[in-house]
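Keeping their order, the protein sequence lines are chains A and B. Going by the working numbering, the first sequence opens with residue 1, and the numbers climb by one from there. Going by the working numbering, the second sequence opens with residue 1, and the numbers climb by one from there.
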Amino acid sequence: MTVMFEDIEVGYELPPLTLPPVDRTTLALFAGASGDHNAIHIDLDAARRAGLPDVFAHGMLGMAWAGRLLTSWVPQAQLREFDARFIGVTHLGNIITCRGRVTEKLELEGECAVRIALDSANQYGELKISGNAIVALPANNTVES
Amino acid sequence: MIDRKWIGRTTKPSVLPIERRRVQFFAKAIGESAAIYLDPEAARAAGYSDVVAPPTFIFAAEMDSGETEALLNELGIPLSRLLHGEQAFRYHRPVCAGDVITVQSTVDDIYEKKGGALEFVVNTSRANDQNGELVAELRSVLVCRH
Numbered sequence: 001m002t003v004m005f006e007d008i009e010v011g012y013e014l015p016p017l018t019l020p021p022v023d024r025t026t027l028a029l030f031a032g033a034s035g036d037h038n039a040i041h042i043d044l045d046a047a048r049r050a051g052l053p054d055v056f057a058h059g060m061l062g063m064a065w066a067g068r069l070l071t072s073w074v075p076q077a078q079l080r081e082f083d084a085r086f087i088g089v090t091h092l093g094n095i096i097t098c099r100g101r102v103t104e105k106l107e108l109e110g111e112c113a114v115r116i117a118l119d120s121a122n123q124y125g126e127l128k129i130s131g132n133a134i135v136a137l138p139a140n141n142t143v144e145s
Numbered sequence: 001m002i003d004r005k006w007i008g009r010t011t012k013p014s015v016l017p018i019e020r021r022r023v024q025f026f027a028k029a030i031g032e033s034a035a036i037y038l039d040p041e042a043a044r045a046a047g048y049s050d051v052v053a054p055p056t057f058i059f060a061a062e063m064d065s066g067e068t069e070a071l072l073n074e075l076g077i078p079l080s081r082l083l084h085g086e087q088a089f090r091y092h093r094p095v096c097a098g099d100v101i102t103v104q105s106t107v108d109d110i111y112e113k114k115g116g117a118l119e120f121v122v123n124t125s126r127a128n129d130q131n132g133e134l135v136a137e138l139r140s141v142l143v144c145r146h
């Protein structure tokens with residue numbers, strides 16, 4: 001169903017997205033698909049040489065999941081801006097939930113749009129990503145200038 | 001310490017042909033199962049020219065070309081000390097299989113925090129399509145732990 005500008009109020013929460021636990025296969029697939037071959041994410045020996053106990057998820061994998069939260073809510077063609085701050089390392093076994101909340105209704109270059117505050121946290125409530133997005137929404141009444 | 005002379009350094013253009021199989025593989029890797037990312041017919045029915053590259057996909061351009069690695073090497077940042085601090089995208093149109101995207105980046109700023117324990121490299125990129133039209137702008141903040 002089409003999400004309309006008039007139907008969304010500040011404070012609206014997007015349907016959250018919970019991912020399966022992070023495992024090594026996911027990291028290997030993402031390394032190949034994303035082109036990020038940094039061994040620290042896929043090779044336990046490389047992680048240990050860097051002084052880390054184990055491999056950990058790519059920041060951009062977490063951002064891609066946050067992107068899924070957005071594009072499962074509105075068509076990707078409506079996405080205008082998307083930014084993420086990588087706050088914490090996502091470890092193997094972490095179960096990430098991506099959330100989004102509308103913080104502002106605005107007009108952007110003649111379009112009706114909403115600003116969304118994003119956060120992704122694991123099953124212990126530890127924040128991994130904090131971000132923002134702006135998505136355009138169709139409106140019943142066009143913006144008056 | 002990262003030499004501030006690298007502020008203004010520009011990468012060579014990285015050409016990323018958007019291949020259907022790569023988009024489908026990326027979708028699988030991120031657990032995306034919506035049809036517009038997997039099925040060309042469904043994508044066309046939804047108004048796209050072919051399967052849609054998910055929002056963060058084009059970050060791959062400078063990974064594939066080696067330009068990100070070349071930048072890190074030149075700035076003297078070992079991968080083992082690298083953290084991705086922030087990433088931002090501004091979109092002008094969705095990218096689909098069949099597009100050929102060219103990405104070029106510039107180091108906008110280098111600064112330190114915590115008395116030099118952390119150094120930050122701000123990199124901005126422009127992504128153009130095969131017609132020279134701007135499809136997205138990217139901004140990365142890379143962090144080097146000392």
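Glycine is no exception: its CB is placed at the ideal position from the N, C-alpha and C atoms. Remember, predicted model here, so these are calculated numbers, not experimental data.
- For ASP109/B, the three-state secondary structure derived from DSSP is strand.
- Non-local C-beta neighbours of HIS37/A in its own chain, meaning closer than 6 Å and more than five positions away in sequence, comprise ALA31, ordered along the chain.
- If you draw a straight line from the Cα of CYS98/A to the Cα of ARG115/A, it is about 16 Å long.
- Under the 8 Å Cβ criterion, the region 91–101 of chain B counts as touching the region 13–29 of chain B, having at least three qualifying pairs.
- Beta-carbon to beta-carbon, ALA28/A and GLU81/A are separated by about 31 Å, too far to satisfy the 8 Å threshold.
- Segment contact: the region 50–66 of chain A against the region 19–33 of chain B, three or more CB-CB distances shorter than 8 Å; contact assigned.
- A residue is called buried when at least 16 other Cβ atoms come within 10 angstroms of its Cβ; MET63/B meets this threshold and is buried.
- The Cβ of HIS146/B sits no closer than 8 Å to any Cβ of chain A.
- Here ALA88/B is near ARG139/B, since their CB atoms are less than 8 Å apart.
- LEU70/A sits close to GLY100/A, with the two beta carbons spaced by under 8 Å.
- Nearest C-alpha to GLU6/A among SER130/A, LEU118/A, VAL135/A, CYS112/A: CYS112/A.
- Beta-carbon to beta-carbon, VAL55/A and LEU17/A are separated by about 23 Å, too far to satisfy the 8 Å threshold.
- Listed as beta-bridge partners of PHE120/B by DSSP are TYR111/B, VAL143/B.
- ALA46/A is not a Cβ neighbour of THR90/A, given a cutoff of 8 Å.
- Here the C-alpha atom of ALA53/B lies approximately 16 Å from the C-alpha atom of ALA45/B.
- When rounded, the separation of the alpha-carbon atoms in ILE36/B and THR26/A is 21 Å.
- Counting C-beta atoms within 10 angstroms of its own C-beta, ASN123/B has 16 or more neighbours from the protein chains shown and is therefore classed as buried.
- Of the candidates GLU107/A, GLN78/A, MET60/A, the residue whose Cα lies closest to the Cα of ILE87/A is MET60/A.
- Judged by DSSP in its simplified three-state form, LYS28/B adopts helix.
- When DSSP states are grouped into helix, strand and coil, GLY100/A belongs to the strand group.
- If you keep only unbroken alpha helix (DSSP H) runs of at least 4 residues inside the region 11–96 of chain A, you get 24–34, 44–49, 59–71.
- Shown here, SER80/B sits in a helix according to DSSP, grouped into three states.
- Around the beta carbon of LYS114/B, fewer than 16 other beta carbons sit within 10 angstroms, so the residue counts as exposed.
- In this structure, DSSP gives VAL51/B a state outside helix and strand, which the three-state scheme calls coil.
- Of all alpha-carbon atoms in LEU72/B, ASP129/B, ALA61/B, the one lying nearest the alpha-carbon of GLU119/B is that of LEU72/B.
- Sixteen is the threshold: when 16 or more other Cβ atoms of the shown chains lie within 10 Å of the Cβ of ASP83/A, as they do, the residue is buried.
- Looking from the CA of HIS146/B, the closest CA among VAL121/B, GLN24/B, ALA117/B, ALA136/B belongs to ALA117/B.
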